[in-house]
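A.B. asks: For the sequence shown, our numbering gives the first residue as 587, with consecutive numbering after it.
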Amino acid sequence: MKIISNNEYYVFNSNIRKDKITNQNSKNNSINFKNYSSNNTSYLSFKGSQRVPFTDEDYNNAKKNIPSLILEAKKKKPGHNYFNLYELDNLEKINGIQKGIKVFDGLTINEIAFILKSPKVLLNRCCPNNCIHCAYMATPSSDKTLDKISYEDFVSLIDGISELQNRVGENIIIADSIGTFFDSDCMEIELKDRNGNVYDYIDCIELLNSKKLAPPIFDTSGWNPKSKKHQKRAEKFVEYLQKPQNSKKISQLNISINPFHIIFAKAMELKSKFRFIKAKKMEENYVDRMANMLFTFTPLQDTDVHWGVLARAIPENKTKTKYNYNALYRLQIKIIDALAKRYKQDLMGENKFIKNSNDLNRYLEFYKRIIMGTEEYPSIDPIGRAESLFNDSEIENPLEERKKSMIKGLDNDNIKYYARLINPNGKILLLNDDISVETDLELNFENKGKVVKPFAHQITGYIYTAQSGMVK
Ligand code: SF4
């Protein structure tokens, strides 16, 4: 990879442009030019659409070359039979195998491999939780930007991956795992198709499963117990996972309990201003929210679902704020107490989950064990919004340093560690911790070109190009 100047890059592209104008109809070209904005990535959609369409011969050659590609990989890694697409050498030998797969239109096989190295499809780009530690500075949804992938585009991507997988055969793994969220909570995932039909996370999980793709994680910080929509969604989710054939369709259920959630944080702020009555009410809101989540998920204790708890705080010696381990511990006790109360009410009343005292003890003990069963909780990192919560001495790499280091890393081997983010408009970004940078790659989504929310710590003025490395 090399860094080249803007000018050089234009020369490179204009050659492609001249070349293709002779082959393609000029109407398409003018549409692309009209869409050309001052945004530094727009020329790339032009570039993408000007790729020479693959011929049947390209496809047949690619198909013919698959066995020799696998043989080469086996020679390089004796004893191995399965290879990820991105780790194969000489991929250009099978360029054309993607012919006709709509979502990959305009991309070479090397570019597809680059995108599909542990990608995160951002189903929802918004989060109402507003946690004050959020590394990704997630914010609630806005109506001004495309914050969700359309159901059609999600289906097109998953179908495309599956079709490509069928074409290359089982020895080459197209996408080993696909993340489904980043700056959002899975309880909020709600995709729409062009007819306005709504699809929740269960629909997304089902789609991945139907194409034999790896089960995704489910993360949640709970929901407002008064929201009938969310409560119904959570109960539907529990009912779904209770079925033995579904319990492994998620790889893990992560529940997040922390003092950083905006409701609890607000309570702490009110307390510091001596507004104790309001603070108590806010704190109870958060505790009820968490107790309700645990109560609702109770039947999942009797399934094969893997549980994870995201309990985070900052060690006392690293922060002057109240978001420390002590606060987390006190919060956990309150949540467990509230849950015990809820279980007792159930025992005395509806018997929804608790039929006898054995049930009560068993379910409560399980939650105590997974939530409070550790002596040491992981700390959060001083990045994103969390940076402001740490003592200055704890911040080793301030934001600008992290950005510089990512820019440097884009021209060396580090790039393999960066996550690939697939925005709802199909654009691909690279992510290192909380820092992201645009690339010149994009999937052929129906919502291509739509404006999405920029990431909080997105590097501006640079773009990573798959062919030429970092471009300023
Ligand atoms: S930490 Fe998670 S739940 Fe909290 S605002 Fe960020 S994305 Fe949302």
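No residue lacks a Cβ here, since even glycine has one placed at the ideal position from N, Cα and C.
Given the structure is predicted, the values throughout are model-derived calculations rather than measurements.
At a cut of 8 Å, does the stretch 894-909 reach the stretch 971-989 through at least three beta carbon pairs?
C.D. replies: yes
A.B. asks: Can you find the residues in the same chain that come closer than 8 Å, C-beta to C-beta, to D733, ignoring five residues on each side of it along the sequence?
C.D. replies: N710, R711, C712, S727, P1010, V1038 and K1039
A.B. asks: Can you say whether Y672 is buried or exposed, counting buried as having 16 or more other CB atoms within 10 angstroms of its CB?
C.D. replies: Y672 is buried by the Cβ-count criterion.
A.B. asks: Taking C-alpha atoms, which residue in N783, S974, I744 and S813 lies nearest to F690?
C.D. replies: I744
A.B. asks: Which same chain residues end up closer than 6 Å to K797 when comparing Cβ atoms and leaving out the 5 residues on each side of it in sequence?
C.D. replies: I744 and S748
A.B. asks: Taking the alpha-carbon of T694 as reference, which of L677, I940, K706 and L975 has the nearest alpha-carbon?
C.D. replies: L677
A.B. asks: Suppose contacts are defined by Cβ-Cβ distances below 8 Å. Is R928 in contact with A877 by that definition?
C.D. replies: Yes, the Cβ-Cβ distance between R928 and A877 is below 8 Å.
A.B. asks: Alpha carbon to alpha carbon, what distance is there between L975 and F850?
C.D. replies: 15 Å
A.B. asks: Within 10 angstroms of its Cβ, does N937 collect 16 or more other Cβ (buried), or is it exposed?
C.D. replies: exposed
A.B. asks: Under the criterion of a Cβ to heavy atom distance below 7 Å, does S842 qualify as lining the ligand SF4?
C.D. replies: yes
A.B. asks: With distances taken from CA atoms, which of N983, I656, Y949 and Q918 is nearest T960?
C.D. replies: Q918
A.B. asks: Closer than 7 Å by C-beta to E738: which residues in its own chain qualify, once you throw out the five before and the five after it? Chain order, please.
C.D. replies: D779, R780 and E1032
A.B. asks: Any idea what DSSP makes of K662, helix, strand or coil?
C.D. replies: helix
A.B. asks: At which residue ranges does the stretch 990-1022 contain complete beta strand (DSSP E) runs of 3 or more residues, listed in the order of the chain?
C.D. replies: 1005-1008 and 1013-1018
A.B. asks: What residue range does the alpha helix (DSSP H) around E973 cover?
C.D. replies: No alpha helix (DSSP H) contains E973, which DSSP labels as neither H nor E.
A.B. asks: Say whether the stretch 798-810 touches the stretch 747-766, bearing in mind that this needs 3 or more beta-carbon pairs closer than 8 Å, one atom from each stretch.
C.D. replies: yes
A.B. asks: Considering only the beta carbon of each residue, do R786 and E776 sit closer than 8 Å?
C.D. replies: Note that residue 786 is Asp in the sequence shown here, rather than Arg. Yes, the pair counts as a contact, with Cβ atoms nearer than the cut-off.
A.B. asks: Applying the criterion that 16 or more other CB atoms from any shown protein chain within 10 Å of the CB defines a buried residue, is L827 buried or exposed?
C.D. replies: buried
A.B. asks: In whole angstroms, give me the CA-to-CA distance for Q817 and D771.
C.D. replies: 14 Å
A.B. asks: CB of N710 to nearest heavy atom of the ligand SF4: below 7 Å?
C.D. replies: no
A.B. asks: Does the stretch 884-899 come close enough to the stretch 857-865 to have 3 or more Cβ pairs within less than 8 Å?
C.D. replies: With a cut-off of 8 Å, the stretch 857-865 and the stretch 884-899 do not count as touching, because too few Cβ pairs lie within range.
A.B. asks: Does at least one heavy atom of the ligand SF4 sit under 7 Å from the Cβ of N1009?
C.D. replies: Not so, every heavy atom of the ligand SF4 lies at least 7 Å from the Cβ.
A.B. asks: Evaluate N681 with the Cβ neighbour count: other Cβ atoms within 10 Å of its Cβ, from every protein chain shown; 16 or more gives buried, anything less gives exposed.
C.D. replies: buried
A.B. asks: Which two residues bound the contiguous beta strand (DSSP E) that contains F804?
C.D. replies: I803 to T806
A.B. asks: Under 8 Å by Cβ, that's how I've got I1021 and M992 pegged, so tell me the actual separation to the nearest angstrom.
C.D. replies: So it is a contact: roughly 5 Å between Cβ atoms.
A.B. asks: Would DSSP call G959 helix, strand or coil?
C.D. replies: Reduced to three states, the DSSP call for G959 is coil.
A.B. asks: Per DSSP, what kind of secondary structure is Y949 in: helix, strand or coil?
C.D. replies: helix
A.B. asks: Tell me whether S549 counts as near the ligand SF4, meaning its Cβ is closer than 7 Å to at least one heavy atom of that ligand.
C.D. replies: Any question about residue 549 goes unanswered here, given that the chain covers just 587 to 1058.
A.B. asks: With C-beta atoms as the reference, is A659 less than 8 Å away from L702?
C.D. replies: no
A.B. asks: Spatial neighbours of L896 within its chain, please: C-beta separation below 6 Å, excluding the five flanking residues on both sides.
C.D. replies: N840 and S842
A.B. asks: Run the proximity test for A820: is its beta-carbon closer than 7 Å to any non-hydrogen atom belonging to the ligand SF4?
C.D. replies: Incorrect: A820 has no Cβ contact closer than 7 Å to the ligand SF4.
A.B. asks: Between Y722 and L1016, what straight-line distance do the alpha-carbon atoms span, to the nearest angstrom?
C.D. replies: Put simply, the backbone Cα of Y722 is about 14 Å away from that of L1016.
A.B. asks: How is S813 classed by DSSP in three states: helix, strand or coil?
C.D. replies: coil
A.B. asks: Please indicate yes or no: does the CB of A851 lie closer than 7 Å to some heavy atom of the ligand SF4?
C.D. replies: no
A.B. asks: Would you give the residue range spanned by the alpha helix (DSSP H) that K864 belongs to?
C.D. replies: F862 to F883
A.B. asks: Would you identify the three-state DSSP class for N696, choosing helix, strand or coil?
C.D. replies: helix
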